[in-house]
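Enquirer: The structure's right below; bear with me while I get my questions together.
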Amino acid sequence: MYKKLNLKSDNLIIQSSKFVDCKEFNRWENKEHVKEFLTIEDTRNYEEIVREFIEYENDETKLQFTIIYRENAKPIGRIYISRLDNNLKSLDITRIYIGEEEYLGKGCGKEAMEILLRYCFEDLKMERVTLDTFEENKRASNLYKSLGFVDEGTLRHGTKKGGKFYNLNLKSMLSEEYKKHFY
């Protein structure tokens with residue numbers, strides 16, 4: 001129902017992921033700067049990426065998008081949405097990252113989030129959007145705060161990576177907060 005998407009901003013396009021994107025996903029998700037704050041433990045192989053891609057494509061509660069830099073049409077990142085619930089009008093931004101290092105620190109993550117929030121609240125008519133971050137990921141926490149996300153609390157030892165438990169900071173935005181922040 002929501003599988004095909006092509007949203008544009010000044011610098012980015014967010015489009016529905018395609019099977020051919022799996023090669024880029026595999027390359028990115030084996031980079032340290034991507035794995036650092038994701039629950040990816042070890043090197044992921046191409047077959048695992050493909051299985052995950054197919055799972056998302058066949059599940060109506062999950063969406064996946066590729067972030068494209070408009071100027072050169074280069075794929076630079078990835079977005080996952082899960083727990084899409086039309087009854088509760090809520091969803092979770094499960095993963096968003098910029099995989100290409102040369103686009104880090106240039107505002108692409110913020111711009112992608114702004115496009116994504118517009119899609120979630122204006123097109124999908126969501127009431128609530130949630131996400132979580134590693135407690136140590138101050139850069140992401142600051143970004144989400146600047147976008148208007150509200151801290152809901154900490155999921156203590158909410159994930160495990162490298163044999164160590166980590167806390168996750170839970171954040172959300174309601175439709176009224178989105179409107180207040182962006183309009």
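Numbering (UniProt numbering), first residue to last: 1 to 183. Glycine residues also receive a C-beta, built at the ideal position from the N, C-alpha and C atoms. As the structure is a prediction and not an experimental result, all values here were calculated from the model.
Between K35, V34 and R95, which has its C-alpha nearest K62's C-alpha?
Expert: Translated into positions along the sequence shown, residue 62 becomes position 62. Of the listed residues, the one whose Cα sits closest to K62 is R95.
Enquirer: Taking the alpha-carbon positions, what's the H181 to F165 distance?
Expert: Counting from 1 along the sequence shown, the entry for residue 181 is found at position 181. Counting from 1 along the sequence shown, the entry for residue 165 is found at position 165. Spanning the two alpha carbons is a distance of roughly 34 Å.
Enquirer: For I115, which beta-bridge partners are listed by DSSP?
Expert: Residue mapping note: residue 115 aligns to position 115 of the sequence shown, counting from 1. Its beta-bridge partners do not exist; DSSP assigns none.
Enquirer: Assuming the contact rule is C-beta atoms closer than 8 Å, L116 and R70 should be a hit. Round their C-beta distance to whole Å, please.
Expert: As a first step, residue 116 must be located in the sequence shown, where it is residue number 116. As a first step, residue 70 must be located in the sequence shown, where it is residue number 70. With a Cβ gap of about 16 Å, L116 and R70 do not count as contacting.
Enquirer: Compare the beta carbon distance of E24 and R78 with 9 Å and say whether it is the shorter of the two.
Expert: Within the sequence shown, the letter at position 24 stands for residue 24. Within the sequence shown, the letter at position 78 stands for residue 78. Yes.
Enquirer: Would you tell me roughly how many angstroms separate the C-alpha atoms of L174 and E152, rounded to the nearest one?
Expert: As a working mapping, residue 174 is identified with position 174 in the sequence shown. As a working mapping, residue 152 is identified with position 152 in the sequence shown. Near 12 Å, if we compare the C-alpha coordinates of E152 and L174.
Enquirer: Terminal residues of the continuous beta strand (DSSP E) containing V129?
Expert: In the sequence shown, the residue the question calls residue 129 occupies position 129. Per DSSP, V129 belongs to the beta strand (DSSP E) from R128 to F134.
Enquirer: Within the continuous alpha helix (DSSP H) that includes Y144, where are the two ends?
Expert: Locating residue 144 in the sequence shown gives position 144, counting from the first residue. It spans K138 to S146 - the alpha helix (DSSP H) in which Y144 sits, taken as one unbroken run.
Enquirer: Tell me the DSSP secondary structure of F165 in three-state form.
Expert: By one-based count along the sequence shown, residue 165 stands at place 165. Three-state DSSP puts F165 in a strand.
Enquirer: Taking only the alpha-carbon atoms, compute the straight-line gap between G99 and L88 and give it to the nearest angstrom.
Expert: Indexing the sequence shown from 1 puts residue 99 at position 99. Indexing the sequence shown from 1 puts residue 88 at position 88. About 32 Å.
Enquirer: Taking the straight line between their C-alpha atoms, what separation do you get for S90 and M126?
Expert: On the sequence shown, position 90 is the one that residue 90 refers to. On the sequence shown, position 126 is the one that residue 126 refers to. Each residue's alpha carbon lies about 5 Å from the other.
Enquirer: Short of 7 Å in beta carbon distance, which residues of its chain neighbour S141, apart from the five on each side in sequence? Order them along the chain.
Expert: One-based indexing of the sequence shown puts residue 141 at position 141. Excluding positions up to five away in sequence, the list reads T133 and N169.
Enquirer: When the Cα atoms are used, what is the spatial distance from T159 to L38?
Expert: Locating residue 159 in the sequence shown gives position 159, counting from the first residue. Locating residue 38 in the sequence shown gives position 38, counting from the first residue. Distance between the alpha carbons of T159 and L38 is about 10 Å.
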